[in-house]
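Let me begin by presenting the structure, written as structure tokens, before commenting on it.
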Amino acid sequence: MSSAAQVFEALAAASGALAYRTDEHGRVLEMGPPELAGGFETWVGHGWREQVHPQDLDRVTQAFDLARVSGRLSEISYRALRSAAYRWVSVRATPVVAGDGRLQWVGLLTDIHETVSAKEELRRSEAAYRALAEASSCHVWRAAPGAGYRAGSDGDRKSSGLGLVHPEDRAKTLESWGAISASGLPGDLRFRARTASGAYRLHQTRCVPIRDDQGEVVEWVGAVSDIHDAEAALEALRKAERLKAIGPLTAGLAHDFNNLLMVITSGSEAIVDGLEASHPLRARAALALHAAERGAELVDGLLSFSGQQQLRPCAVDLEAFLQRLEPLVRRALGEDVEVRVVRHGPAGACMADPTQLETALLNLSLNAREAMPRGGPLTIETELVAFSEEAAAHLGLRPGDYVMLSVSDEGCGMSPEMLEIAVEPFFTTKEAGGGSGLGLSMVHGFVDQSEGHLAISSTEGVGTRVRIHLPRAALEAAAAKPAAPRAAELALRVLLVEDDDLVREQLQRQLVQMGCEVTSVGAGPEALAVAQQGQPFELLMTDIIMPGGMNGFEVADRIQRLRPGLPVLFTSGYSDERIRSAGRRANARVLRKPYRRAALAQALAEAVAGAA
Numbered sequence: 264m265s266s267a268a269q270v271f272e273a274l275a276a277a278s279g280a281l282a283y284r285t286d287e288h289g290r291v292l293e294m295g296p297p298e299l300a301g302g303f304e305t306w307v308g309h310g311w312r313e314q315v316h317p318q319d320l321d322r323v324t325q326a327f328d329l330a331r332v333s334g335r336l337s338e339i340s341y342r343a344l345r346s347a348a349y350r351w352v353s354v355r356a357t358p359v360v361a362g363d364g365r366l367q368w369v370g371l372l373t374d375i376h377e378t379v380s381a382k383e384e385l386r387r388s389e390a391a392y393r394a395l396a397e398a399s400s401c402h403v404w405r406a407a408p409g410a411g412y413r414a415g416s417d418g419d420r421k422s423s424g425l426g427l428v429h430p431e432d433r434a435k436t437l438e439s440w441g442a443i444s445a446s447g448l449p450g451d452l453r454f455r456a457r458t459a460s461g462a463y464r465l466h467q468t469r470c471v472p473i474r475d476d477q478g479e480v481v482e483w484v485g486a487v488s489d490i491h492d493a494e495a496a497l498e499a500l501r502k503a504e505r506l507k508a509i510g511p512l513t514a515g516l517a518h519d520f521n522n523l524l525m526v527i528t529s530g531s532e533a534i535v536d537g538l539e540a541s542h543p544l545r546a547r548a549a550l551a552l553h554a555a556e557r558g559a560e561l562v563d564g565l566l567s568f569s570g571q572q573q574l575r576p577c578a579v580d581l582e583a584f585l586q587r588l589e590p591l592v593r594r595a596l597g598e599d600v601e602v603r604v605v606r607h608g609p610a611g612a613c614m615a616d617p618t619q620l621e622t623a624l625l626n627l628s629l630n631a632r633e634a635m636p637r638g639g640p641l642t643i644e645t646e647l648v649a650f651s652e653e654a655a656a657h658l659g660l661r662p663g664d665y666v667m668l669s670v671s672d673e674g675c676g677m678s679p680e681m682l683e684i685a686v687e688p689f690f691t692t693k694e695a696g697g698g699s700g701l702g703l704s705m706v707h708g709f710v711d712q713s714e715g716h717l718a719i720s721s722t723e724g725v726g727t728r729v730r731i732h733l734p735r736a737a738l739e740a741a742a743a744k745p746a747a748p749r750a751a752e753l754a755l756r757v758l759l760v761e762d763d764d765l766v767r768e769q770l771q772r773q774l775v776q777m778g779c780e781v782t783s784v785g786a787g788p789e790a791l792a793v794a795q796q797g798q799p800f801e802l803l804m805t806d807i808i809m810p811g812g813m814n815g816f817e818v819a820d821r822i823q824r825l826r827p828g829l830p831v832l833f834t835s836g837y838s839d840e841r842i843r844s845a846g847r848r849a850n851a852r853v854l855r856k857p858y859r860r861a862a863l864a865q866a867l868a869e870a871v872a873g874a875a
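All letters in the sequence shown, in the order written, are residues 264 to 875 by my numbering.
Next comes the structure, spelled out in structure tokens:
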């Protein structure tokens with residue numbers, strides 16, 4: 264090799280590239296230095312075209328032909344053989360004239376396979392990142408340490424992340440982001456963010472640091488997810504779980520309170536009926552009786568929102584219902600409230616407990632009046648609506664026809680925060696002592712237990728609308744029932760089973776005053792013993808939930824085996840499915856405590872008439 268060639272080879276070695284020389288046709292004459300030529304030795308004596316990957320050959324040939332015209336081969340990268348495998352190489356060349364006057368090409372060749380592979384892997388990773396961002400429902404972002412994040416998914420999301428955050432949440436979000444960034448540890452942020460529709464929805468983002476080889480955070484990445492619907496569903500589940508937990512507790516408290524109220528009610532009523540109207544104690548007894556009734560209403564409210572109340576659903580003609588209730592609503596609201604009734608076509612009948620539906624309408628109307636202290640319009644609307652499978656599933660209903668009853672006002676309205684807890688028990692906007700806070704929760708519980716749906720919409724300063732959807736029912740005229748005889752006319756012999764001593768004593772006194780002959784016991788085994796001894800009685804009146812190993816159902820079953828067809832009147836301070844099932848038993852009626860004497864007389868008469 265000539266001295267000039269040695270100098271060229273030394274320069275090539277210094278640059279880290281492999282020097283080569285070809286003839287004018289591209290046949291490789293020599294390559295060096297040897298320490299860089301490993302794997303390329305097979306090129307010597309062969310044309311360079313034989314070494315190029317078939318997929319790159321046309322592109323490289325065009326570049327070589329252009330170089331022959333221009334007199335210079337600019338840098339070009341392609342895949343070529345090295346040790347029988349194709350690798351990426353970078354090539355430069357320039358023409359020279361040899362001593363014999365022939366044209367030759369000399370140049371530099373560098374193996375760049377690792378560099379190209381790394382760039383390709385990076386390109387694929389970035390493409391995968393972009394594809395993932397586009398396909399994901401999340402808002403993917405990146406941020407430098409100490410900076411705000413920048414969006415990295417689609418065009419609609421390339422605004423500043425902080426600019427989309429609700430103004431009320433920005434300070435807290437910045438503070439939380441600063442704490443996470445300073446810690447260098449993964450963390451979560453929750454905030455309300457503006458969507459493309461302009462509405463603010465709850466979002467959550469997970470922040471994860473990226474570190475260099477020295478462990479320093481060089482970048483933060485994360486993804487923002489819309490959790491608004493999921494959080495709403497979770498809150499609904501939490502609320503349902505709370506009500507589920509409260510239900511048994513409420514039922515137990517209701518039982519104890521109802522037993523006490525039963526004693527107060529019956530005792531007060533006896534005093535009121537036994538004294539002259541002018542007697543000073545009569546007014547006090549009447550006040551105690553009224554207080555007991557208010558206490559019973561409060562217990563009913565507790566049972567209502569927890570879904571524990573005893574309903575008696577039937578087909579309610581909404582037109583007749585409103586005709587009967589409209590005058591009552593007008594009187595209750597006063598002259599400064601204008602009551603409007605709007606009927607959007609015939610609504611027909613709904614399946615509901617008429618007493619509870621009446622209470623719901625009055626509660627909603629009174630709430631509307633409270634929201635309009637200076638008066639204003641109150642609108643009651645009815646409409647028949649149909650829910651498709653999709654709409655019904657969204658509301659947790661069965662698909663089909665529903666009757667809508669709504670009450671609207673133009674009062675003060677509620678804030679979004681108030682609206683979230685409007686149906687929570689004991690929530691009220693009234694001052695202390697102004698109300699129990701069970702109005703809306705009672706309506707919600709009644710509607711939910713009736714397999715319907717309650718919807719509330721409200722805007723501060725504009726007003727509130729509450730819509731009740733109840734299943735549609737076929738309107739059928741109820742067959743006229745013969746009037747049941749009064750209990751006093753029956754002179755019944757009653758076996759009374761009641762575990763509470765105070766309640767048993769009061770009931771026995773009431774029954775005797777009504778003309779009944781009473782045998783009273785405190786437990787089921789005692790009642791069974793009376794029946795087995797053959798003592799005469801014509802009706803069994805028993806509490807349902809009792810200690811001593813036998814409940815009222817078991818007492819009734821065993822005594823009716825001895826005396827088939829015996830009428831039974833069940834009573835209880837509870838109100839759960841066991842109590843509701845009592846009314847579906849043959850020859851049986853159910854009466855829930857506390858009750859007035861007239862209700863007791865009617866229940867006794869119906870029990871006897873039903874067994875006849």
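Glycine residues also receive a C-beta, built at the ideal position from the N, C-alpha and C atoms.
- By the Cβ neighbour-count rule, G295 is buried, with 16 or more other Cβ atoms within 10 Å of its own.
- Distance from the CA atom of S678 to the CA atom of E723, rounded to whole angstroms, is 6 Å.
- Nearest C-alpha to D451 among A459, S488, G301, A434: S488.
- Apart from sequence neighbours up to five positions away, the residues of its chain that approach A649 with a beta-carbon distance below 6 Å are D664, ordered along the chain.
- Under the DSSP assignment, R433 falls outside any beta strand (DSSP E), being part of the alpha helix (DSSP H) whose first and last residues are 430-446.
- Counting the other Cβ atoms within 10 Å of the Cβ of P317 gives fewer than 16, which makes it exposed.
- Beta-carbon to beta-carbon, S704 and L733 are separated by about 18 Å, too far to satisfy the 8 Å threshold.
- Boundaries of the alpha helix (DSSP H) harbouring A634: 617-634, taken from the DSSP string.
- Nearest neighbour of D763 by Cα position, chosen from A792, L437, I808, turns out to be I808.
- Nearest neighbour of L427 by Cα position, chosen from F454, A445, P449, turns out to be F454.
- Cβ atoms of V605 and E644 come within 8 Å of each other, at about 5 Å.
- For A343, the number of other beta carbons within 10 angstroms of its own is at least 16, and it is reported as buried.
- With contact defined as three or more Cβ pairs closer than 8 Å, the segment 278-286 and the segment 298-308 are in contact.
- In terms of CA proximity to F520, P857 leads the group N630, G873, P857, G726.
- The three-state reading of DSSP puts R575 in coil, since its state is none of H, G, I, E or B.
- Its Cα nearest to that of Q769, the residue I534 stands out among A434, S380, I534, V710.
- Proximity of the segment 793-803 to the segment 814-827 meets the contact definition, three or more beta-carbon pairs being nearer than 8 Å.
- Listed as beta-bridge partners of M614 by DSSP are A578.
- For A456, the closest alpha carbon among the candidates P408, H402, A496, L863 is that of H402.
- Going by C-alpha positions, A540 is about 13 Å away from E532.
- In the DSSP assignment, R728 falls within the beta strand (DSSP E) that extends over 726-736.
- The DSSP-derived three-state label of G485 is strand.
- Leaving aside the five residues that flank V471 on each side, the residues in its chain whose CB is nearer than 8 Å to its CB run, in chain order, P449, W483, V484, G485.
- Taking C-beta atoms as the reference points, L832 and R855 fail to come closer than 8 Å.
- Within the DSSP bridge table, the entry for L802 names V757 as partners.
- With respect to the C-alpha of L627, the residue from L596, S651, P617, G638 having the closest C-alpha is L596.
- Taking the Cα positions, V359 is about 24 Å away from D321.
- Inter-residue distance for E653 and A546 is about 58 Å (C-alpha atoms, whole angstroms).
- DSSP, reduced to helix, strand and coil, places S529 within a helical segment of the structure shown.
- Under DSSP, D672 shares a beta bridge with L641, T727.
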